[in-house]
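According to our numbering, the sequence shown is numbered sequentially starting from 19. Glycine is no exception: its CB is placed at the ideal position from the N, C-alpha and C atoms. What you are looking at is a predicted structure, and each value in this text was computed from that prediction instead of being measured.
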Amino acid sequence: MRDKTQTNSAAPGDRLIRAGAIVFFIGAVATLVTVAPLLLHAKPFPTFMFGLSMLMGVGFLIAAAGVLRSIAAGRRQARAGR
């Protein structure tokens, strides 16, 4: 008998994990762009670029929330299956 879960179905929290990964990647690129002039002894970027670097932490928190949501949904499903 086949499993009832489809391979292309999205679990709760999957969108948060994807969004967190995208935000983290944007923050990582902003960090590289911000640090590069400091290493190359060039004129540093404006202060707001350092703020964009904070997106790495924000993306990590969004992805962590998605993982926790996925875990909670799995636990609820396991309890309902008893």
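- Within its own chain, the residues whose Cβ lies closer than 8 Å to the Cβ of I40, once the five positions on either side in sequence are excluded, are G77, listed in chain order.
- Distance between L58 and L73, taken at the CA atoms: about 23 Å.
- Burial check for G92: the Cβ neighbour count within 10 Å stays below 16, so the residue is exposed.
- Counting other Cβ atoms within 10 Å of its Cβ, I80 reaches 16 or more and is therefore classed as buried.
- Spanning the alpha carbons of R33 and V53 requires a straight line of approximately 30 Å.
- In the structure shown, the three-state DSSP call for L86 is helix.
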